[in-house]
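Take a look at the structure set out below.
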Amino acid sequence: MIIAQRNSIFVPDDILDTGSVGLTFFERFHDAATRLGIEMRPLGSYDEMYRAESGIDLPALNADVSTMSMAVEASSHDSRDFAVLSDSLEEIWNVEGVDDVAGRVHDERRRAEVEAESMPLLISVADELTGTVRTAVADKAFKVASLDREMIGGLDAQHIDQLVDVSMQQGGVDAVAKAAQWFAPLSDGKFRTVRYAAALDQIETCRVAADLADNWIDQIFRPVYVDTRDEFDRACEQARLALTDAFEVAAGLVAELFPVESESTDAGQFSVPPDTLPTSVSQVAEPAVDGVAPSLELTVGTDTWGFSVAPDGRGVSLEVRDLSGESVTVTVELDERGWPTIAVDTDTAPIASETPEPEPQPYQPPNPAPADPEPAMDPAPTADPEPLSEPDTTGAELAGAGPI
């Protein structure tokens, strides 16, 4: 069953479940080995070691491989479209700076071609990784499953536990009498009738029985248990090393094919020589997904150059916009014979009209302030020099002016 799963589409968890029958060996004899000092590990550690590869999602990895395959087809299609644009750019657009833009389009085209050429190798590595994981897990499951046994030296776990009691002199004469009924080295009558012997004879008989049980444990049980444990460790370690090597190879290949950019600029930006026009890249071409056309937009001086590929893949467009919003679009379309046809569309931005000023209104004087019912206070007299001739003051004026 496990061999059949090795080259099938079974996931690691299913393969491990099939081979987990071998873990019952430790479930049967782990307690006796622990009492004898042979075993120091907890029982649960064996299941943890065995299921170290549990959870590896091979179906997800296979889905990623399928996605990469579709991306390769889309990238190859887009690369061909950009090739038509880059080859025709200098011929159809004769303006200053076109050489710089064309060079960047060529660079983008070469980068896309390199990635498209690398993807098949990456897909093969992913397929190989999937096969390695399944093979390593299946081999480990097969080896562990082969470790299962119900008896050691012809004795099952229950009888071995009784011998451990005799060996450790736990259980006294009752343990010796029970073991004497089925354990050949204790078949002598003195072991069967030890319950009826004198106290000193019982002590001596139990000591002799312990020595005989120790001999069987050291010669039969201990080596079988230790060898089985070593086989289990080797199976787990071989699977771990196989997967570690496979993942390291895959990671190294990915790092080689797609190195991480160490420059301070963002990935997808182009370095601009100091003697060229200031150019920035605001959007990098991306493969078409669900009918969305790939596009590339660059800023050259004060103009914005936009490139796009039609969703149907039969045309590419170049649009140049200036700061005023005026744009010229050149579209290269492929006819049924595969020959490019050129269409030019000029879009002049509407002249921005100034906001009309409101018509002048006739001047209207402000409303006069209402008369103050209270008499205005005379300003405080200022110290002016006396006039040369001052008219005489009448008595009435003096009376109205108040006391002098």
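Sequence positions in the sequence shown follow the numbering used here and run 280 to 683. Glycine residues also receive a C-beta, built at the ideal position from the N, C-alpha and C atoms.
Per-residue DSSP class, three states only, for residue i
i: serine 606; result: strand
i: arginine 600; result: strand
i: threonine 472; result: coil
i: leucine 322; result: coil
i: isoleucine 431; result: strand
i: arginine 330; result: coil
i: glycine 316; result: coil
i: phenylalanine 462; result: coil
i: glycine 450; result: coil
i: valine 290; result: coil
i: aspartate 467; result: coil
i: serine 403; result: helix
i: leucine 295; result: helix
i: isoleucine 686; result: Lying outside 280 to 683, the shown extent of the chain, residue 686 is not represented and no answer is given.
i: leucine 426; result: coil
i: alanine 477; result: coil
Same chain only: Cβ atoms within 7 Å of residue i, ignoring 5 sequence neighbours per side
i: leucine 426; result: Gly301, Phe304, Thr507, Glu510, Phe511
i: valine 416; result: Pro291, Ile294, Leu295, Glu332, Ala518
i: glutamate 318; result: His309, Ala312
i: alanine 420; result: Ile281, Ile294, Leu295, Thr297, Gly298
i: threonine 634; result: Summary for threonine 634: the model assigns pLDDT 48, below 50, so the residue's position carries little reliability; its value from the coordinates is reported in the next sentence. Contacts found: none.
i: lysine 457; result: Gln441
i: arginine 501; result: Ile317
i: leucine 315; result: Val443, Ile496
i: serine 446; result: Ala489, Ala492, Asp493, Ile496
i: arginine 330; result: Leu295
Of the residues the options, the one placed nearest residue i, counting alpha carbons only
i: cysteine 485; options: Asp386, Pro464, Arg307; result: Pro464
i: arginine 413; options: Ala489, Gly334, Arg389; result: Gly334
i: leucine 400; options: Arg600, Gly604, Val533, Val473; result: Val533
i: aspartate 444; options: Met430, Ser603, Asp490, Ser299; result: Asp490
i: valine 473; options: Ile499, Glu306, Leu322, Gly451; result: Gly451
i: isoleucine 499; options: Arg428, Asp386, Gly433, Ile402; result: Gly433
i: glutamate 483; options: Gln448, Asp601, Val404, Asp440; result: Gln448
i: glutamate 429; options: Glu306, Ala492, Leu602; result: Glu306
i: glutamate 516; options: Ala529, Ile402, Glu327, Leu315; result: Glu327
i: isoleucine 402; options: Glu535, Arg600, Gly604, Ala529; result: Ala529
i: phenylalanine 462; options: Lys419, Asn494, Glu527; result: Asn494
i: threonine 684; options: Ser466, Asp418, Arg600; result: Here the chain covers residues 280 to 683 and nothing more, so residue 684 does not appear.
i: alanine 492; options: Val404, Phe470, Leu522, Ser324; result: Phe470
i: leucine 520; options: Asp467, Gln481, Thr411; result: Thr411
i: valine 423; options: Asp480, Phe526, Ala514; result: Ala514
i: alanine 436; options: Ile496, Tyr475, Arg390, Leu479; result: Ile496
i: glutamate 524; options: Tyr325, Val404, Tyr329; result: One point to set straight first is that residue 524 is aspartate, not glutamate, in the sequence displayed. Comparing Cα positions, the closest option is Val404.
i: isoleucine 431; options: Ser324, Gly531, Val503; result: Val503
i: serine 466; options: Val487, Ser324, Thr583, Asp480; result: Val487
i: alanine 459; options: Glu527, Leu479, His438, Gly604; result: His438
Neighbourhood of residue i by C-beta, 8 Å cutoff - its chain only, sequence neighbours within 5 removed
i: aspartate 440; result: Asp310, Ala311
i: valine 505; result: Ile317
i: glycine 468; result: none
Beta-carbon proximity list for residue i, same chain, < 6 Å, skipping 5 on both sides
i: aspartate 453; result: none
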